[in-house]
Amino acid sequence: MVAVAADAAVEEETGTGTDAEAPVDAAPPRVDKLDVLFVVDNSFGMASKQRAVAGGIARFFGQIAATDIHVGVISSTIDQGGDICDRSRGNNGDSGRLLNRTHFGADAGPSVHGAEAGFLSLGPGGSVPDMATLEERAKELVLGADEYGCGIESPLEAMYRFVAQPDPPLRFTIDSAARAEPTGVDYALLAERRAFFRPDSAVVILIVSDEDDASIDPRALGGLGYGFASLRFPYSQVSRPVAALGTTAPRGTSACATDPFSADCRSCIRARDCDPSEPACAAVRADAECKTSPVDGQSGEGFDGFVAPDDDHLNLRGFDMKRRFGVEARYPIERYVAALTRRQVPNRASEHPRPSMAAAPAPYEQATNCDNPLFSTGLPAKEGDELCALPPGPRDPRRVVLGILAGAPPGLVSPAPDWTKLLGQGGFESDDTTGLDPHMLPSSLPRAGLGGADLPLGDNGTDPVHGREWTTRNTDLQFACTFALPVPEDCMRVACICGGRPEDNFPLCSGPGNTTQVRAKAYPGIRLLRFARQLGEQGAVGSVCGADTEGSYGAFLEALGRRVAGRLAE
């Protein structure tokens, strides 16, 4: 059964230059075209989940009566301005564009027959002859995402770039003040978008990820946000224990430890160049956290106000950001809700107003100065085409459906999502975690009520949701859920995590000194779940964990297909 995210109403806004939009309560026109976009996490450890999604594709399409269908796949790997996901590195070059490969590697070139344009098409003039062929080749595209992409998983921003950003960046440049600025326009992506989305189709977007979304806003923190996607944080001199792993990020002020949502919780990096005549600047410069160096015998610029060498592992950059760093450097969820529901979205210039290139980018704004490509026609495809003021299209937001498979205990999302247990009373929009299921609490430490952190490798615990806690040594997070792999994996032959150091007591392995991984994991998918919840009736959620993984994925996809079929028939 599809667990529907029914907490919020869909919002519509009048598009630029149109006054002919149907009222919200009018029945949307019937459609017979369907565009299906898979957004697949392609980071380490995703192979088992990709196989399960591929195994359920036929059950999704088995519910669909439409005979005019497009199917495309993008990955969670995008350039965010930092060096970790730099698109010039071979495994980071997906950039929100459509994929056509059966696996990652130098020999992976375009290889799925029928997807030469970047996607599969069934129907008049289509690239595949029948539904059975569409299903088989869609499986190949999903598996082709592979698991060698960037570890800063950004499925939401990848989706946004392909679906709705008026001017997706070609690259990011760093200026003389170490600030990030997007440059160029990715016209190759725009051409793919125009070819893939028909203005009069229904749209289904399925996001699958075993980690939370980490879509870094490169221009957050006055243009230094990309530092959270970099080995070396700008202006930091505090090296991690292994020098090759770069330098640490700035700390948050003292207020962040007790109330990260307080106006007094700020990043200590602001002390570097803020206006001393402003009270907020004076407060940051006087704050004890911002005046203290984490390194004995070294202090001053580049040391004071930065995180200690052992407290900023790259795996944890997206964890509890406001409390730890004094800034939420990821794009707000509102950005992605607008992409699938609203007639207008911002272009890059209006996201972070900047009166001059000498000035730091202002905080993010959800402006409404451009027509949303998803609800427009006459989309741009080449240099010189209009990017912002687009003719209104016929697509109704109610014809856009989102499915999310994320890290969560299966019992909390089916048959209906228990939002209090999934997100707490505060919904992770405040510090109120009342009612939150302990498995959904992101933490690098053992969580209250969940035991087993000191059990040895090979003892995978008895908790029915995740087995047990483990000793992360401040390098990773506890799991939301785990599940038995249909086929155990030999870590000497494939990319998995068993057979390393004995102190790494993951509750996933067959025994001490054994290189066999028998269970797979997922972390709390907080941002993904918040996104689905805010979409209301447009959103559906499932878990990437399950006792019978292929069966549970298939059941979710089948129910999602029935829901989409109902939307098509309305």
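Counting from 446, one number per residue, gives the positions in the sequence shown under this note's numbering.
Each residue gets a CB set at the ideal place from its N, CA and C atoms; glycine is no exception.
Can you check which of these residues, the options, is closest to residue i by C-alpha distance?
i, options, result
"Ser681", "Asp709, Arg730 and Ser738", "Ser738"
"Phe706", "Val846, Pro862 and Arg768", "Arg768"
"Pro933", "Leu634, Gln962, Phe751 and Val986", "Gln962"
"Gly771", "Cys710, Arg677 and Arg639", "Cys710"
"Arg762", "Ala929, Asp816, Asp658 and Arg639", "Asp658"
"Gly541", "Asp528, Gly563 and Ser699", "Gly563"
"Gly829", "Cys701, Asp756 and Leu635", "Leu635"
"Gly500", "Met576, Glu581, Ala1014 and Asp528", "Glu581"
"Glu561", "Phe641, Ala497, Ser533 and Gly538", "Phe641"
"Met604", "Gly872, Glu1015 and Leu973", "Leu973"
"Cys1078", "Ser488, Arg624, Gly571 and Glu831", "With the chain covering 446 to 1015 only, the question about residue 1078 has no answer from this structure."
"Ala716", "Phe751, Gln743 and Ala688", "Phe751"
"Tyr809", "Pro825, Arg775 and Pro839", "Arg775"
"Arg643", "Gly823, Gly507, Ile971 and Ala805", "Gly823"
"Val939", "Asn760, Thr960, Ser859 and Phe928", "Thr960"
"Cys595", "Ala688, Phe924, Asn760 and Arg843", "Asn760"
Please go through the same chain and pick out, in chain order, the residues whose beta-carbon is closer than 6 Å to the beta-carbon of residue i, but skip the five residues on each side of it.
i, result
"Leu567", "Ile514, Val573 and Leu579"
"Glu585", "Thr547 and Val557"
"Leu850", "Val653, Gly987 and Val989"
"Pro1016", "An answer regarding residue 1016 cannot be provided, because it is not within the stretch 446 to 1015 covered by the chain."
"Gly897", "Gly906, Arg913 and Glu914"
"Leu601", "Asp658, Ser660 and Tyr781"
"Gln870", "Asp877, Thr879 and Gly880"
"Ala623", "Pro679"
"Val1009", "Val649 and Val846"
"Thr618", "Glu626 and Thr628"
"Gly559", "Leu565, Ser572, Val573 and Arg582"
Keeping to the same chain, check which residues put their C-beta closer than 8 Å to that of residue i; ignore five residues upstream and five downstream.
i, result
"Ala396", "Nothing in the structure corresponds to residue 396, since the chain is present only between 446 and 1015."
"Pro468", "For Pro468, the predicted structure reports a pLDDT of 39, less than 50, and the residue's modelled location is therefore unreliable. The matter cannot be settled from this model."
"Pro721", "Ala727 and Arg730"
"Pro957", "Pro901, Leu902, Gly903 and Pro947"
"Phe748", "Gln682, Val683, Ser738, Pro739 and Val740"
"Val1014", "In the sequence as displayed, the identity of residue 1014 is Ala instead of Val. Closer than 8 Å at the Cβ level, and outside the excluded window around Ala1014, lie Arg475 and Ala510."
Would you list the one or two residues that DSSP bridges to residue i?
i, result
"Ile514", "Leu479 and Leu567"
"Ile652", "Val484 and Ile849"
"Ser675", "Ser675 is not bridged to any residue."
"Phe751", "Pro695"
"Lys966", "Thr927"
"Gln789", "Asp816"
"Pro808", "DSSP lists no partner for Pro808."
"Glu796", "Per DSSP, none; premise fails for Glu796."
"Arg1007", "Arg1007 pairs with nothing; no bridge assigned."
"Ser684", "Thr692"
"Asp935", "Thr961"
"Pro837", "Ser821"
"Ser660", "BP columns for Ser660 are empty, so no partner."
"Cys954", "Gln962"
"Ile519", "Val484"
"Ser712", "Gly697"
"Val573", "Leu567"
"Arg639", "The partner list for Arg639 (beta bridge, DSSP) is empty, contrary to what the question assumes."
"Asp908", "Gly912"
"Ala647", "Leu479"
Excluding the five sequence neighbours on either side, which residues of its own chain have a C-beta within less than 7 Å of the C-beta of residue i, listed in chain order?
i, result
"Val910", "Pro854, His884 and Cys926"
"Arg702", "Position check: residue 702 holds Ala in this sequence, whereas Arg was assumed. Correct list, in chain order: Arg768."
"Leu857", "Asp863, Lys866, Leu867 and Asp882"
"Glu637", "Arg542, Leu543 and Gly563"
"Thr698", "Asp709, Cys710, Arg711, Cys713, Val729, Asp732, Glu734, Cys735 and Gly771"
"Gly872", "Arg975"
"Leu615", "Thr628, Gly629, Val630 and Asp631"
"Asp528", "Ser675 and Leu676"
"Asp480", "His515, Phe641, Phe642, Arg643, Ser646 and Val648"
So, does the segment 628 to 645 touch the segment 522 to 533, judging by three or more C-beta pairs under 8 Å? Contact between the segment 628 to 645 and the segment 522 to 533 is absent, because fewer than three Cβ pairs lie under 8 Å.
Can we say the segment 661 to 681 touches the segment 490 to 502, given the rule of at least three CB pairs closer than 8 Å? Contact fails between the segment 661 to 681 and the segment 490 to 502, because fewer than three Cβ pairs, one in each stretch, are under 8 Å apart.
Does the segment 722 to 740 come into contact with the segment 794 to 801, if we say contact requires no fewer than three beta-carbon pairs (one atom in each stretch) closer than 8 Å? Too few Cβ pairs lie closer than 8 Å, so no.
Does the segment 742 to 757 come close enough to the segment 684 to 696 to have 3 or more Cβ pairs within less than 8 Å? These segments touch.
Does the segment 947 to 963 touch the segment 898 to 908, meaning 3 or more C-beta pairs lie closer than 8 Å? Yes, the segment 898 to 908 touches the segment 947 to 963.
Jot down the residue ranges of each uninterrupted beta strand (DSSP E) in the segment 603 to 629, minimum 3 residues, whole runs only, in chain order. Runs found: 616 to 619 and 625 to 628.
Any chance the segment 671 to 680 sits against the segment 817 to 824, with 3 or more Cβ pairs inside 8 Å? The segment 671 to 680 vs the segment 817 to 824: no contact.
Quick check for students: name the residue ranges of the alpha helix (DSSP H) that lie wholly in the segment 753 to 777, counting only runs of 4 or more. Fully enclosed alpha helix (DSSP H) runs of 4 or longer: 766 to 770.
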